[in-house]
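Q: The opening residue of the sequence shown carries number 1 in full-length UniProt numbering; numbering runs sequentially from there. Every residue, glycine too, gets a C-beta built ideally from N, C-alpha and C.
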Amino acid sequence: MSKLAELRARLPKEAQEQVDQRVVEMRREITLRTLRKELEVSQVNLARSMGVTQPSVVKMEREDSDPKLSTLKRYVSGLGGELNLEVSLPDGRRITLSL
Numbered sequence: 001m002s003k004l005a006e007l008r009a010r011l012p013k014e015a016q017e018q019v020d021q022r023v024v025e026m027r028r029e030i031t032l033r034t035l036r037k038e039l040e041v042s043q044v045n046l047a048r049s050m051g052v053t054q055p056s057v058v059k060m061e062r063e064d065s066d067p068k069l070s071t072l073k074r075y076v077s078g079l080g081g082e083l084n085l086e087v088s089l090p091d092g093r094r095i096t097l098s099l
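#1: With a threshold of 16 other CB atoms inside 10 Å of the CB of Ala47, please say whether the residue is buried or exposed.
#2: Can you give, in chain order, each stretch of the alpha helix (DSSP H) that sits fully within the region 20 to 61 and has at least 4 residues?
#3: How about Arg10 and Leu79: do their beta carbons lie closer than 8 Å?
#4: Going by C-alpha distance, which of Ser2, Gln43, Ser77 is nearest Lys59?
#5: For Leu97, list the residues DSSP reports as bridge partners.
#6: Since Leu99 contacts Leu89 with CB under 8 Å, what's their CB separation in whole angstroms?
#7: On the CB-based measure, 16 or more other CB atoms within 10 Å of its CB, does Leu32 come out buried or exposed?
And the structure:
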């Protein structure tokens with residue numbers, strides 16, 4: 001087990017859940033912002049493409065946002081991409097759903 005995993009295992013259950021939630025939030029924030037920047041698209045241009053305001057894009061990229069799937073689809077479409085959802089089943093199979 002890694003040192004980080006060992007430290008996490010020593011935390012109370014509630015603290016572990018808080019850490020897990022924060023990790024999810026950070027990944028989402030990094031992913032949306034990084035995706036947009038990687039494609040060299042400004043928030044203003046993305047907002048125009050999505051039909052929303054630039055502050056709306058800022059809110060989507062914030063760590064405390066909890067966007068709907070339809071919002072994520074519009075965000076990705078605004079970047080010229082297609083959103084897919086990967087489902088991992090207990091038997092190890094992975095199924096990709098196009099949204």
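A: Once the coordinates are examined:
#1: Buried, by the Cβ-count rule.
#2: Unbroken alpha helix (DSSP H) stretches of 4 residues or longer found wholly inside the region 20 to 61: 43 to 50, 54 to 61, given in chain order.
#3: No; because the gap between Cβ atoms is not below 8 Å, this pair is not in contact.
#4: Checked all of Ser2, Gln43, Ser77; the closest Cα to Lys59 is Gln43.
#5: Beta-bridge pairing links Leu97 to Leu85.
#6: About 18 Å; that fails the 8 Å criterion.
#7: Burial is judged here by how many other beta carbons sit within 10 angstroms of a residue's own beta carbon; Leu32 has at least 16 and is buried.
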